[in-house]
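K.L.:
Chains as they are written, first to last, in my numbering: chain A, 1 to 292; chain B, 293 to 521; chain C, 522 to 817. Cβ coordinates follow ideal geometry from the N, Cα and C atoms, glycine included.
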Amino acid sequence: MAASVLFDAPGPRTRVRHRIYSIVASAAIVAALAFAAWKLYDDGQFEYDLWEAFVTPDYVRALLVDGLVVTVTMAVFAIIGAVIFGFLFGVAKMSDHRWIRWPAWVVVEFFRAMPVLLLMIFVFFMWFISSRAGFLWIDQAGGFFAVVIALTCYNGAVLAEVVRAGVQAVPKGQAEAAYAIGMRKTQVMTIIQLPQAVKVMLPAIISQMVVALKDTSLGYAVAAPGLTKVGQQIYKELHNQVPTAIVVAILYVTLNLLLTWLATWVQRRFVGEKKIDVVKVAAGIDEDRAAR
Amino acid sequence: MSLEAILDNLDEFFKAFGYTLFLFLVTAVASLILGTILVAMRVGPIAVLRVLGSVYVTLVRNTPLVLIFIFFHFAAPIIGINFKWVQVHIGTFDFTSAFATAFVALSLYTACFVCEGLRSGVNAVPMGQAEAARAIGLPFLGVMREVILPQAVRASVPPVASALIAMLKNTSVAGVFFLAEATATMRGLTNDYSSQRIGIFLCFAVGYIVLVEIVSMISLALERRWRIA
Amino acid sequence: MRLRKAFAAGAAGIAIAAGLAACGDAGNDSEGRDVEAADDCDGKFDEGTRMAELAEAGKITVGVKYDQPGLGFKGATDDVPSGFDVEVAKLLVADLCIDPASSNVTWEETISDNREPYLESGKVDVVLASYSITDDRRKVVGQTGPYMVTGQQILVKEDSDVAGIEDLKGKEVCSVTGSTSLENVKAKGAKGVGADSYSECAEKVLDGTYAAMSTDGSILAGLAAQNEGQLKVVGDEFSEERIGVGYSKDHPEMCEWINGVLEKAFDDGSWAEAFELTLGPSGVETPEPPELDACQ
């Protein structure tokens with residue numbers, strides 16, 4: 001429902017009133033911004049020294065290469081892992097065999113109901129796999145893997161629900177038709193249902209990437225590399241907390257907005273109006289529980 | 293798997309979840325209020341406020357929560373915003389700056405998701421309802437209060453509840469920043485009893501799962517109760 | 522069309538980042554000592570020992586702290602960490618005929634939580650990360666030394682009246698979650714507040730949130746030096762921390778070797794020189810070298 005339905009086209013008196021509201025509100029906003037700016041100026045937060053790091057090549061390199069790139073790498077690995085996890089467990093949850101369905105359900109519920117930070121710290125403590133050689137070509141500290149593993153499990157559990165919702169969004173007739181021409185269960189799932197579900201799920205997967213990207217910053221607690229870590233190193237060295245926080249926040253917000261824009265574009269281009277309610281799925285309220 | 297670490301420190305275990313629960317409750321109230329104000333701004337007739345509301349939501353929900361905590365703990369005090377004046381002591385619980393800062397950071401962050409949840413609720417109310425309300429001459433606030441909000445609240449129970457559940461899990465971030473809540477306590481215990489890592493982790497995980505289940509059960513009960521017959 | 526532009530912009534961004542990566546690896550502020558690698562490793566170590574393996578491979582991984590000025594610290598733009606722990610580590614590395622300044626040494630950040638797991642898994646070969654020797658830790662990893670003995674003190678603001686831990690009963694005192702320092706503070710009657718790192722505690726003492734923070738004197742001295750004129754170390758040492766080198770229990774032969782290197786550094790003055798260079802600026806007087814524990 002469009003917001004404009006909530007109120008009538010304003011008449012002359014209302015228009016005047018709205019104009020007054022607008023002016024008061026704008027004045028308040030401008031005053032608040034001006035006060036914040038003055039306060040920052042008064043505390044010397046605009047001094048060039050504090051911002052110099054962000055035009056110094058060494059620091060910019062640290063922010064972009066050691067920070068942004070590593071953060072994106074962690075998020076990409078986590079989301080790839082999560083997609084695999086999600087498909088495995090999402091399909092397992094729909095299995096006809098109880099002994100597959102139940103364990104899958106327990107695993108998914110467990111990872112979904114737990115703070116990802118708790119999981120991350122635990123994985124970090126349990127880091128017993130000798131990784132001197134690194135994993136594949138990545139030569140990174142244990143914190144890196146703790147972040148990737150924890151985010152894989154959590155986002156994978158969320159995506160398992162997305163997969164299930166995606167498959168259920170495929171019209172029943174599709175599966176029925178497939179059975180009618182003699183396909184077996186596995187074939188129906190892999191050839192008919194999943195490919196169509198993927199199309200519906202794509203935007204959900206991309207928005208889950210925004211979640212994963214934001215959550216990489218939890219690596220702060222386990223000495224993982226990334227944007228937050230580099231920011232921390234910069235302000236610990238130069239004591240420019242305010243500028244650093246602002247710059248790092250801008251980087252994260254820009255990246256996330258790009259991803260959100262991508263998700264919307266994919267949605268419009270490939271999917272149309274059909275949409276899975278990710279928010280609902282992400283937080284652990286699913287249909288079958290509601291129905292129970 | 294031995295559980296001595298937890299059994300010997302049961303008081304610490306429950307106190308830790310006490311902090312988690314308290315933080316969740318006060319933050320829930322604050323973010324519901326703030327979220328309602330935000331949603332009123334976002335669907336209201338004043339263009340300036342609509343823009344302000346959506347800028348706030350866009351900025352804050354795309355910022356990692358850790359960064360918001362860092363801002364309030366390490367950047368804000370430099371420009372004179374701090375919470376060291378908060379000194380509330382109830383029983384053995386100390387609600388001081390760490391708690392207050394976590395409360396502020398979490399509330400500001402969660403309010404965005406509450407706002408989006410409420411907005412999806414408003415969007416779920418059929419257009420005819422608003423039109424009919426306007427037809428009988430109700431002004432904007434009247435339309436909202438008498439017709440839209442009561443229905444929107446019902447529709448937004450699931451998304452708002454999921455925002456609150458996410459927030460419950462997010463309270464763990466406060467553990468990294470000076471508050472001895474569940475996650476920080478797990479960390480401390482794991483350091484002291486490193487041979488019992490797995491048992492300690494499972495106990496704390498179960499603690500969180502129980503809390504999450506309680507919240508989601510309450511939300512389901514509300515949803516069922518408020519369902520339009 | 523718009524999309525193509527966006528891709529072009531993205532590609533340009535990546536190119537810039539790559540360019541920066543290529544030109545930015547000049548290590549500018551390594552103020553540590555130059556330690557030269559030994560060159561007598563042929564037959565120096567017995568066949569089959571871990572030392573022989575490391576010397577043979579010419580590569581070693583060392584766990585140090587990244588956030589403790591004076592002991593182990595690495596800024597965002599530094600290539601290698603610096604500090605006393607790092608200097609001692611360099612002596613060990615050099616003894617294996619590995620150039621401490623070369624990329625054959627991998628510096629790995631260890632925080633309090635992961636020192637034991639890292640040693641157990643072999644992710645790092647030695648840990649020098651203000652690592653107190655305790656009986657409990659000796660159950661899971663090897664520890665020898667100490668190469669430094671310090672005690673727990675408190676750090677307060679320059680204008681504070683607090684003279685010791687006795688003045689802080691019932692007050693909030695900051696330390697790191699899960700550390701022995703935090704337990705000691707609680708045992709002394711103060712309310713312990715657990716942070717993620719010591720520098721964060723210092724930050725909160727500076728802004729007046731907490732009256733004091735507490736941990737090993739050497740760490741506090743580094744923090745005080747970093748914030749000169751704003752923070753000071755006060756009070757007597759109310760615990761004794763013996764800072765040692767951690768190694769894996771799988772390689773008990775490393776103990777004798779580490780002790781040998783430390784002994785040599787104590788005798789030829791390189792230990793004192795390293796101390797002077799790293800902790801001296803924070804106003805800590807160079808003490809007599811400590812007594813080493815015997816290896817079992």
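Quick one: complete beta strand (DSSP E) runs, 3+ long, within the region 344-405 of chain B?
P.N.:
Listed in chain order, they are 380-382, 385-387.
K.L.:
Can you give me the C-alpha to C-alpha distance between L524 of chain C and F7 of chain A, rounded to a whole angstrom?
P.N.:
Low confidence applies to L524 of chain C: its pLDDT is 43, below 50, so where it sits in the model is not reliable enough to give any reading.
K.L.:
Check the Cβ of Y59 of chain A against every Cβ in chain C and list those closer than 8 Å, keeping chain order.
P.N.:
Near Y59 of chain A (Cβ distances below 8 Å), the residues of chain C are A597, T598.
K.L.:
With DSSP as the reference, label E809 of chain C as helix, strand or coil.
P.N.:
If DSSP states are grouped into helix, strand and coil, E809 of chain C belongs with coil.
K.L.:
Count the C-beta pairs between the region 462-475 of chain B and the region 304-321 of chain B that are closer than 8 Å, then say yes if the count reaches three, no if not.
P.N.:
The region 462-475 of chain B vs the region 304-321 of chain B: in contact.
K.L.:
Give the straight-line distance between the Cα atoms of A394 of chain B and S700 of chain C, rounded to the nearest whole angstrom.
P.N.:
Their backbone Cα atoms lie some 22 Å apart in a straight line.
K.L.:
Along the chain, where does the beta strand (DSSP E) that runs through I206 of chain A open and close?
P.N.:
Not the beta strand (DSSP E): I206 of chain A falls in the alpha helix (DSSP H), residues 194-215.
K.L.:
Can you find a CB in chain C that lies within less than 8 Å of the CB of K39 of chain A?
P.N.:
No, K39 of chain A lies away from the interface with chain C (no Cβ there is under 8 Å from its Cβ).
K.L.:
Where L359 of chain B and C153 of chain A are concerned, what is the direct C-alpha to C-alpha distance, given to the nearest angstrom?
P.N.:
C-alpha separation (whole angstroms): 23 Å.
K.L.:
Taking the runs of the beta strand (DSSP E) that are 3 residues or longer, which of them lie wholly in the region 720-773 of chain C?
P.N.:
DSSP runs (the beta strand (DSSP E)) wholly in the region 720-773 of chain C: 733-737, 752-755, 762-768.
K.L.:
Hey, could you find the ends of the alpha helix (DSSP H) V335 of chain B is sitting in?
P.N.:
Looking at the DSSP string, the run of the alpha helix (DSSP H) that includes V335 of chain B is 302-335.
K.L.:
Can you check whether the CB of I654 of chain C is closer than 8 Å to the CB of F759 of chain C?
P.N.:
Not closer than 8 Å, so no.
K.L.:
Compute the Euclidean distance between the alpha carbons of F361 of chain B and G767 of chain C, then round it to the nearest angstrom.
P.N.:
Rounded to whole angstroms, F361 of chain B to G767 of chain C spans 34 Å at the Cα level.
K.L.:
If I measure Cβ to Cβ from K690 of chain C and keep anything under 7 Å in the same chain, skipping five residues before and after, which residues do I get?
P.N.:
Answer for K690 of chain C: G710, A711, listed in chain order.
K.L.:
Can you give me the Cβ contacts of W518 of chain B inside the same chain, cut-off strictly under 8 Å, excluding the 5 residues immediately before and after it?
P.N.:
Around W518 of chain B: V445, R446, V449.
K.L.:
Can you tell me which of C:E724, C:A650, C:G743 puts its alpha carbon nearest to the alpha carbon of E637 of chain C?
P.N.:
If we check each option's Cα against that of E637 of chain C, C:A650 comes out closest.
K.L.:
Determine, for Y639 of chain C, whether the minimum Cβ-Cβ distance to residues of chain A falls below 8 Å.
P.N.:
Y639 of chain C counts as touching chain A.
K.L.:
Closer than 9 Å by beta-carbon distance: list the chain C residues that pair up with E237 of chain A, in chain order.
P.N.:
Ordered by position in chain C, the residues that pass the 9 Å Cβ test against E237 of chain A are F594, G596, A597, T598, D599.
K.L.:
Per DSSP, Q589 of chain C is paired with what?
P.N.:
Answer by DSSP bridge pairing, in chain order: C:G593.
K.L.:
Determine which residues of the region 15-45 of chain A have a Cβ less than 8 Å from any Cβ of chain B, and write them out in chain order.
P.N.:
Under the 8 Å Cβ criterion, the region 15-45 of chain A contributes H18, Y21, S22, A25, S26, I29, K39, L40, D43, Q45.
K.L.:
What do you get for E693 of chain C, buried or exposed, if any count of 16 or more other CB atoms within 10 angstroms of its CB means buried?
P.N.:
It is buried - the Cβ of E693 of chain C has at least 16 other Cβ atoms within 10 Å.
K.L.:
What's the C-alpha gap between R387 of chain B and E608 of chain C?
P.N.:
What sits at residue 387 of chain B in the sequence shown is Phe, not Arg. So the two alpha carbons sit approximately 43 Å from each other.
K.L.:
Following the continuous beta strand (DSSP E) through T655 of chain C, name the residue where it begins and the one where it ends.
P.N.:
Element bounds for T655 of chain C: n/a, residue is neither H nor E.
K.L.:
Using a Cβ cut-off of 8 Å (strictly closer), state whether L6 of chain A contacts chain B.
P.N.:
At least one chain B Cβ lies under 8 Å of L6 of chain A.
K.L.:
Should Q674 of chain C and L741 of chain C be called a contact, given that it needs their Cβ atoms to be closer than 8 Å?
P.N.:
In contact: Q674 of chain C and L741 of chain C (Cβ atoms closer than 8 Å).
K.L.:
What is the DSSP secondary structure of C816 of chain C, reduced to helix, strand or coil?
P.N.:
Coil at C816 of chain C, not helix or strand.
K.L.:
Grab me the residues of E304 of chain B's own chain with a C-beta within less than 7 Å of its C-beta, minus the 5 sequence neighbours each way, in chain order.
P.N.:
Closer than 7 Å at the Cβ level, and outside the excluded window around E304 of chain B, lie T477.
K.L.:
Please go through the region 52-130 of chain A and give each complete alpha helix (DSSP H) segment of 4 or more residues, from N-terminal end onward.
P.N.:
The qualifying runs are 57-61, 70-93, 98-112, 116-125.
K.L.:
Reducing DSSP to helix, strand and coil, say where G580 of chain C ends up.
P.N.:
The identity of residue 580 of chain C in the sequence shown is Lys, whereas the question assumes Gly. Correct three-state label for K580 of chain C: coil.
K.L.:
With a Cβ-Cβ cutoff of 8 Å, do V148 of chain A and F87 of chain A count as a contact?
P.N.:
No, the Cβ-Cβ distance between V148 of chain A and F87 of chain A is not below 8 Å.
K.L.:
From which residue to which residue does the beta strand (DSSP E) around K229 of chain A run?
P.N.:
First-last for K229 of chain A: 227-238, but that is the alpha helix (DSSP H), not the beta strand (DSSP E).
K.L.:
Name, please, each residue of chain B whose Cβ falls closer than 8 Å to the Cβ of D717 of chain C.
P.N.:
Chain B residues near D717 of chain C: V468, F469.
K.L.:
Just curious, the alpha helix (DSSP H) that Q241 of chain A is in, first and last residue?
P.N.:
Residues 241-266.
K.L.:
For a quick check, are the C-beta atoms of V242 of chain A and L40 of chain A less than 8 Å apart?
P.N.:
Result yes, Cβ atoms of V242 of chain A and L40 of chain A sit closer than 8 Å.
K.L.:
At a Cβ threshold of 8 Å, is D771 of chain C touching chain B?
P.N.:
It does not; no Cβ of chain B falls within 8 Å.
K.L.:
First and last residue of the beta strand (DSSP E) that includes V694 of chain C?
P.N.:
Counting along the chain, the beta strand (DSSP E) containing V694 of chain C begins and ends at 693-697.
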